[in-house]
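Q: Please see the structure below; I have some questions.
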């Protein structure tokens with residue numbers, strides 16, 4: 001039994017490790033899929049991206065629904081005017097690509113939208129998740145890379161040139177000129193999940209690495225709070241599952257280095273929408 | 288010859304080294320005075336503050352003008368609701384003081400306003416100085432201490448708890464947990480002006496200190512740009528007079544660590560209003 005005139009959208013969150021997609025009716029997720037992100041080349045990537053989306057299109061079709069649009073969350077810096085990916089540090093074969101145009105042709109659809117993946121994550125958490133009651137919210141995702149987004153004045157703040165809220169690029173080690181994301185890659189040797197497993201199994205060195213990462217993250221969040229003074233920080237991304245390895249250290253260090261006594265009340269919470277947050281936030285771009 | 292119905296205001300910029308005051312007609316400075324800031328105790332401080340303001344009141348009186356109000360720029364963190372100074376790191380005898388109330392009683396006036404000194408500096412530069420053509424402007428002052436303020440959406444951004452834009456408290460040395468202002472005090476041994484004189488006289492060590500400070504400042508401004516992505520940064524405060532000792536280094540380091548290629552176009556300029564900027568911005572609080 002199918003209802004006529006149903007309007008769905010499809011949101012895709014392209015992560016450095018996994019790609020998730022949701023079929024979304026504007027309020028809830030009707031179906032979701034996950035695939036590993038191909039890291040070898042663009043051709044393989046496009047095949048798998050198509051394979052991720054097509055079953056959701058089919059699902060909509062058999063239920064008699066119309067797909068109003070498809071939208072992508074991208075882990076990188078975007079040229080919104082040109083609808084082009086400027087730089088995706090963990091998926092370099094996407095650099096310079098007009099992915100929406102390219103994918104629209106492959107799927108035979110008219111138009112595809114895209115936004116930065118952390119913007120998508122934060123948009124979803126603001127509307128449906130941990131940020132619902134707040135007006136001034138910083139979102140940070142820790143996964144393959146580290147990204148940030150800031151919600152203020154009822155919108156995601158973009159900056160004067162689209163370069164705001166680059167949480168992963170805050171310098172944490174002045175002497176080496178090392179940014180937070182670089183420190184994270186160096187510490188976890190690009191295998192945060194495997195390292196987390198070791199830490200949970202009791203490996204003291206692995207625990208120490210996460211402890212040190214917690215310290216770096218705390219310094220970076222203190223710097224963010226000393227500039228933005230938000231009400232709440234929402235943490236997302238794949239590494240949230242392992243956040244008990246570092247988040248208490250992060251909170252302690254962060255509060256230690258926040259200057260304003262009043263601003264120290266800032267909350268840090270994990271996102272509430274789990275691994276679908278980014279895909280939901282992408283789907284929300286379709287109105 | 289006096290004109291009737293002239294409405295003036297008095298603005299005072301309380302710095303860690305100097306206090307400046309202006310008599311202001313809403314567009315231009317009619318008279319200005321400067322005194323050294325007493326650092327010994329509150330009693331001496333209040334006497335000198337009164338001595339700074341009274342000649343301007345007198346000047347207004349003899350010209351037949353009405354003083355609409357007096358306003359103070361304070362180098363510290365304020366409780367705006369209580370009109371109280373929370374913490375003035377370089378004038379600790381002001382901590383916890385309701386200075387406006389206290390001074391109003393001493394001067395026999397009804398009410399005095401106050402604001403953070405960097406907010407005052409930036410407000411004046413936005414309206415009359417280097418920020419006139421811009422909508423998204425970060426202001427940083429380097430004097431006895433280091434402070435910041437951010438202009439966006441036609442106002443000074445305060446944050447959720449009044450703790451935003453604390454540029455002096457960005458951590459620049461992760462290992463020692465040292466903030467920019469602490470590094471500045473340590474490097475200049477609390478005598479930036481004397482050290483600048485030595486550097487100008489060719490002292491290589493003094494030049495090296497300013498070079499290192501330029502590096503720290505560049506890292507901090509890069510972190511600010513990576514979060515806020517403003518159009519322009521306006522630098523003020525007493526040390527601006529010596530800015531050729533460090534500002535080219537600051538610019539180079541800042542651009543190196545800004546992530547977004549687009550955001551790298553951010554301008555850094557010196558304020559245009561000179562040492563009166565803060566006092567003008569304080570006077571502007573009187574409408």
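Residue numbers (the numbering used here), protein chains in the order written: chain A, 1 to 287; chain B, 288 to 574. Ideal Cβ positions, reconstructed from N, Cα and C, are used throughout, including at glycine.
If you check the beta carbons only, do residue 95 of chain A and residue 86 of chain A fall under 9 Å apart?
A: In the first chain, counting from the first residue as 1, residue 95 of chain A sits at position 95. In the first chain, counting from the first residue as 1, residue 86 of chain A sits at position 86. Yes, they are a contact pair.
Q: In chain order, what residues of the stretch 443-470 of chain B put their CB closer than 7 Å to some CB of chain A?
A: Listed in sequence order: 446, 447, 448, 449, 450, 451, 452, 453, 456, 457, 458, 459, 460, 461, 464.
Q: Using CA coordinates, which residue listed in A/215, A/58, A/282 is at the minimum distance from residue 107 of chain A?
A: Here the question's residue 107 of chain A lines up with position 107 in the first chain. If we check each option's Cα against that of residue 107 of chain A, A/58 comes out closest.
Q: Scan the stretch 509-529 of chain B for residues whose Cβ lies nearer than 7 Å to a Cβ of chain A and list them as they occur along the chain.
A: Here the close residues are 509, 510, 511, 513, 514, 515, 516, 517, 518.
Q: For residue 546 of chain B, go through chain A and note every residue whose CB falls closer than 7 Å to its CB, in chain order.
A: For the purposes of this step, residue 546 of chain B is identified with residue 259 of the second chain, where counting begins at 1. Result: 163, 166, 169.
Q: I think residue 117 of chain A touches residue 14 of chain A, with their Cβ atoms under 8 Å apart; what is that distance to the nearest whole Å?
A: Sequence index remark: in the first chain, residue 117 of chain A carries index 117 (1-based). Sequence index remark: in the first chain, residue 14 of chain A carries index 14 (1-based). With 8 Å as the limit, residue 117 of chain A and residue 14 of chain A qualify as a contact, their Cβ atoms being about 7 Å apart.
Q: Output, in chain order, the set of chain A residues within a Cβ distance shorter than 7 Å of residue 549 of chain B.
A: For this step, residue 549 of chain B is matched to residue 262 along the second chain. Neighbours of residue 549 of chain B on chain A, chain order: 161, 162, 163.
Q: Decide yes or no for the touch test of the stretch 473-492 of chain B against the stretch 196-207 of chain A: beta carbon pairs closer than 8 Å, at least 3 of them.
A: Contact fails: fewer than three Cβ-Cβ distances are below 8 Å.
Q: Using the Cβ count rule (16 or more neighbours within 10 Å means buried), how would you classify residue 2 of chain A?
A: Locating residue 2 of chain A in the first chain gives position 2, where the first residue counts as 1. Confidence in residue 2 of chain A is poor, its pLDDT being 47 and thus under 50, which makes the residue's placement unreliable; the coordinate value appears in the next sentence. By the neighbour-count rule (16 or more Cβ atoms within 10 Å), residue 2 of chain A is not buried but exposed.
Q: What does residue 552 of chain B touch in chain A if you count any residue whose Cβ is under 8 Å from its own?
A: Mapped onto the second chain, residue 552 of chain B falls at position 265. Per Cβ cutoff of 8 Å: 161.
Q: So with Cβ pairs under 9 Å, would you call residue 215 of chain A a contact of chain B?
A: Taking the first residue of the first chain as 1, we reach residue 215 of chain A at position 215. Yes, residue 215 of chain A lies at the interface with chain B (some Cβ there is under 9 Å from its Cβ).
Q: Does any residue of chain B have a CB that is nearer than 9 Å to the CB of residue 219 of chain A?
A: Position 219 of the first chain, counting from 1, holds the residue named residue 219 of chain A. It does; some Cβ of chain B falls within 9 Å.
Q: When the cut-off is 9 Å and only beta carbons count, does residue 303 of chain B lie next to chain A?
A: Taking the first residue of the second chain as 1, we reach residue 303 of chain B at position 16. Not an interface residue.
Q: Under a Cβ-count criterion, where at least 16 other Cβ atoms within 10 Å of its own Cβ denotes burial, should residue 261 of chain B be classed as buried or exposed?
A: Lying outside 288 to 574, the shown extent of chain B, residue 261 of chain B is not represented and no answer is given.
Q: Nearest by alpha-carbon distance to residue 533 of chain B: which of B/294, B/512, B/479 is it?
A: Reading the second chain from its first residue, position 246 is the one you call residue 533 of chain B. It is B/479.
Q: Just checking: is the beta-carbon of residue 364 of chain B within a distance shorter than 9 Å of some beta-carbon in chain A?
A: Sequence index remark: in the second chain, residue 364 of chain B carries index 77 (1-based). With 9 Å as the cut-off, residue 364 of chain B counts as an interface residue toward chain A.
Q: Can you tell me the Cα-Cα spacing of residue 215 of chain A and residue 457 of chain B, whole angstroms?
A: Against the first chain, residue 215 of chain A aligns to sequence position 215. Against the second chain, residue 457 of chain B aligns to sequence position 170. Roughly 15 Å between the two C-alpha positions.
Q: List, in order along the chain, the chain B residues whose C-beta lies closer than 8 Å to that of residue 153 of chain A?
A: The residue given as residue 153 of chain A occupies position 153 in the first chain. Correct list: 440.
Q: Enumerate in chain order the residues of its own chain whose CB-to-CB distance from residue 409 of chain B is below 6 Å, with the five nearest sequence positions on each side excluded.
A: Within the second chain, the letter at position 122 stands for residue 409 of chain B. Closer than 6 Å at Cβ, skipping near neighbours: 426, 436, 438.
Q: Could you check where the alpha helix (DSSP H) with residue 368 of chain B kicks off and where it finishes?
A: For the purposes of this step, residue 368 of chain B is taken as residue 81 along the second chain, with counting starting at 1. Per DSSP, residue 368 of chain B belongs to no alpha helix (DSSP H) and is neither H nor E.
Q: Assuming the contact rule is C-beta atoms closer than 8 Å, residue 413 of chain B and residue 424 of chain B should be a hit. Round their C-beta distance to whole Å, please.
A: Here residue 413 of chain B corresponds to residue number 126 of the second chain, with the count starting at 1. Here residue 424 of chain B corresponds to residue number 137 of the second chain, with the count starting at 1. Residue 413 of chain B to residue 424 of chain B, Cβ: 6 Å. Contact.
Q: Let me make sure I understand the geometry here. Which of A/99, A/75, A/81, A/195 has the alpha-carbon closest to that of residue 289 of chain A?
A: Given that chain A is displayed from residue 1 to residue 287, the structure contains no residue 289 of chain A and the question cannot be resolved.
Q: In whole angstroms, give me the CA-to-CA distance for residue 499 of chain B and residue 40 of chain A.
A: Position 212 of the second chain, counting from 1, holds the residue named residue 499 of chain B. Position 40 of the first chain, counting from 1, holds the residue named residue 40 of chain A. In a straight line, the C-alpha of residue 499 of chain B is about 43 Å away from that of residue 40 of chain A.
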